[in-house]
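Chemist:
There are 2 protein chains.
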Amino acid sequence: MVSNIKAIVFDVYGTLFDVHSIVKKCEEEFGDKGQEVSLIWRQKQVEYSFLRELMGRYQPFSKITFDALKYAVSSVGIQPKEEQLLQLMAEYQHLTPYKEVETVLSSLKGKQLAVFSNGSRDMLEPLLNNSGLQSYFSSILSVDDRKAFKPTPTSYTAVLEELQVERKEVLFLSSNGWDISGAKSFGFQTAWVNRKGSPREQLDLQPDIEIEDLSELVNLL
Amino acid sequence: MVSNIKAIVFDVYGTLFDVHSIVKKCEEEFGDKGQEVSLIWRQKQVEYSFLRELMGRYQPFSKITFDALKYAVSSVGIQPKEEQLLQLMAEYQHLTPYKEVETVLSSLKGKQLAVFSNGSRDMLEPLLNNSGLQSYFSSILSVDDRKAFKPTPTSYTAVLEELQVERKEVLFLSSNGWDISGAKSFGFQTAWVNRKGSPREQLDLQPDIEIEDLSELVNLL
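Written out as structure tokens, the structure reads:
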């Protein structure tokens, strides 16, 4: 269970927004290979953030996302065209929020809510503006301010400094098991939004709570 | 092209040995889900090494490999049994070398050859002994001596100190694109063993040479 929460902090991609909602656009561009492109794109996007952090070669998530898309398109045997890639990148500013998100955020009004993402501001701000969700959050936090990706401890310190809270006063929500592991390791209280019914990560770090989607959050606080 | 090489250093899993050669054992245990278990096992094994490094929670690769197997079995809806898991783990000491490996190593006799792996010694030494390949190498190098996984710069320094060579005097070979990126970033000369005809990683780091399997190596030196 969770208790004494002063700030509720949400991951963005996969947690508030469905990153596979761009699969339709990928199918328009690449036909029956669209779904595969969409999946590899997301997988490589995350992998490249890990690898660049490990190698000490940080680049903003917008560049990483573009590079991951180039890889994904090549991997299905298609020669990537710049114009096509830019059109698909633009979709990242128009992702679809999961259906329960706005209702849940509305019901949490009065609490300190923030987002904290690997995304750079050139991706996050247009997305939150376009979706109409921006007004629910007091802070938009990006790892880009410190140039250190999640799940490094350095990355999560941004939340403490920006929101003026202690580690154990933060409830952090993410659908990404690796992000929940990193946040738990850092000392946040954590809720894993396990939308797909995945098994627990085997990293010796358990989430404080596990929920199927954000609607369960309202009863927990 | 590569030149002025004083040491030839090989990655192990996927480079000298086929990690999916255990798919048969997985199929014996899990029937038509065996192949999926084998693939997820390898994917999670690599991911967990990245994540533990990023979180500052190093554990030896033997533990990570066991944890990844537990995840993989759970992910196909099977309750993992300890005995079954230990049997599968034992297979990691009996991986099959790729068919050209021994011929190539024989032809390189007289050169300084080493392996450098994320694997811990409790995995590497039995594997190399059982396969009969151990005698070809002057050094068995494991990241476990420094407790830092590839592709961190710290991990690759082991090669310099143990073999008493400069960065640019090392030819490093791996089939893993992320390992080649890390080695190139560190300053090794690199040969990507692209066994599956994969596209290049989009990490702004290109291998010095790309080969389909190790047999091309003989003509390059």
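Line order of the protein sequences matches chains R and D. First residue of the first sequence? That's 1092 in my numbering, and the numbers climb one at a time after it. First residue of the second sequence? That's 1092 in my numbering, and the numbers climb one at a time after it. Every residue, glycine too, gets a C-beta built ideally from N, C-alpha and C.
1. Do you know how far the Cα of VAL1234 of chain D is from the Cα of SER1208 of chain D?
2. Against chain R, with Cβ distances strictly below 8 Å, would MET1214 of chain D count as a contact?
3. Taking DSSP as the reference, what is the three-state secondary structure of GLU1303 of chain R?
4. Do you know offhand how far LEU1142 of chain D's Cα is from PHE1141 of chain R's?
5. Assuming THR1243 of chain R and PHE1263 of chain R are in contact, meaning their beta carbons sit under 8 Å apart, how far apart are those beta carbons, in whole angstroms?
6. Are VAL1167 of chain R and ARG1133 of chain R closer than 8 Å when you measure CB to CB?
7. Closest to LEU1294 of chain R by CA distance: which of D:LEU1160, D:VAL1284, D:LYS1097 and D:SER1197 is it?
8. Are the C-beta atoms of TRP1269 of chain D and some chain R residue less than 8 Å apart?
9. Under a three-way DSSP split, which group does SER1165 of chain D fall into?
10. Can you name, in chain order, every residue of its own chain whose Cβ lies under 8 Å from the Cβ of ILE1300 of chain R, other than the five neighbours on each side?
11. Taking a cut of 8 Å between CB atoms, which residues from the region 1157 to 1176 of chain R lie near chain D?
12. How is ILE1131 of chain R classed by DSSP in three states: helix, strand or coil?
13. Is DSSP giving THR1194 of chain R helix, strand or coil here?
14. DSSP three-state label for VAL1114 of chain D, please.
15. Is the region 1096 to 1105 of chain D touching the region 1208 to 1228 of chain D in the sense that three or more CB pairs, one from each, lie closer than 8 Å?
16. Quick one: using the 10 Å Cβ neighbour count with 16 as the cut-off for buried, is LEU1177 of chain R buried or exposed?
17. Measure the beta-carbon distance from ARG1286 of chain R to GLU1307 of chain R and round it to whole angstroms, keeping in mind my assumption that it falls under 8 Å.
18. From which residue to which residue does the beta strand (DSSP E) around VAL1309 of chain D run?
19. Taking CB distances under 8 Å as the criterion, tell me whether TYR1189 of chain R reaches chain D.
20. Quick check on GLY1147 of chain D - is its C-beta less than 8 Å from some C-beta in chain R?
21. List the endpoints of the continuous beta strand (DSSP E) containing SER1230 of chain D.
22. Taking the straight line between their C-alpha atoms, what separation do you get for GLN1225 of chain R and LYS1259 of chain R?
23. With contact counted as at least three CB pairs below 8 Å, one residue from each stretch, are the region 1196 to 1208 of chain R and the region 1169 to 1176 of chain R in contact?
24. Starting from the Cα of GLY1125 of chain R, find the closest Cα among R:ASN1220, R:GLU1144, R:SER1165 and R:TYR1139 and give me that residue.
25. According to DSSP, is SER1265 of chain R helix, strand or coil?
Modeler: Taking the structure as given:
1. Approximately 6 Å between the Cα atoms of the pair.
2. Residue contact with chain R for MET1214 of chain D: absent (no Cβ-Cβ distance below 8 Å to any residue of chain R).
3. Coil at GLU1303 of chain R, not helix or strand.
4. Rounded to the nearest angstrom, the two C-alpha atoms are 8 Å apart.
5. Incorrect: roughly 15 Å between the Cβ atoms, too far for contact.
6. Not a contact, by the Cβ cut-off of 8 Å.
7. The shortest C-alpha separation from LEU1294 of chain R is found at D:LEU1160.
8. Answer yes: the Cβ-Cβ gap between TRP1269 of chain D and chain R drops below 8 Å somewhere.
9. The answer is helix: DSSP assigns SER1165 of chain D an H, G or I state.
10. Same-chain partners within the cutoff: MET1092, VAL1093, THR1281, ALA1282, TRP1283 and LEU1311.
11. Residues of the region 1157 to 1176 of chain R with a Cβ closer than 8 Å to any Cβ of chain D, in chain order: ASP1158, ALA1159, LYS1161, TYR1162, SER1165 and SER1166.
12. In the structure shown, the three-state DSSP call for ILE1131 of chain R is helix.
13. Judged by DSSP in its simplified three-state form, THR1194 of chain R adopts helix.
14. Taken through DSSP and simplified to helix, strand or coil, VAL1114 of chain D comes out as helix.
15. The answer is yes - the region 1096 to 1105 of chain D touches the region 1208 to 1228 of chain D, with three or more Cβ pairs under 8 Å.
16. So LEU1177 of chain R counts as exposed.
17. Between GLU1307 of chain R and ARG1286 of chain R the Cβ distance is about 12 Å, and since that is not below 8 Å, they are no contact.
18. Per DSSP, VAL1309 of chain D belongs to no beta strand (DSSP E); it is in the alpha helix (DSSP H), 1308 to 1311.
19. Judged by the 8 Å Cβ criterion, TYR1189 of chain R is not in contact with chain D.
20. Yes, GLY1147 of chain D counts as interfacial toward chain R.
21. Annotation: the continuous beta strand (DSSP E) that includes SER1230 of chain D extends over 1230 to 1233.
22. The straight-line gap from Cα to Cα measures roughly 25 Å.
23. Segments in contact, no.
24. Of R:ASN1220, R:GLU1144, R:SER1165 and R:TYR1139, the residue nearest in Cα terms is R:SER1165.
25. In the structure shown, SER1265 of chain R sits in a strand (DSSP, three-state: E or B).
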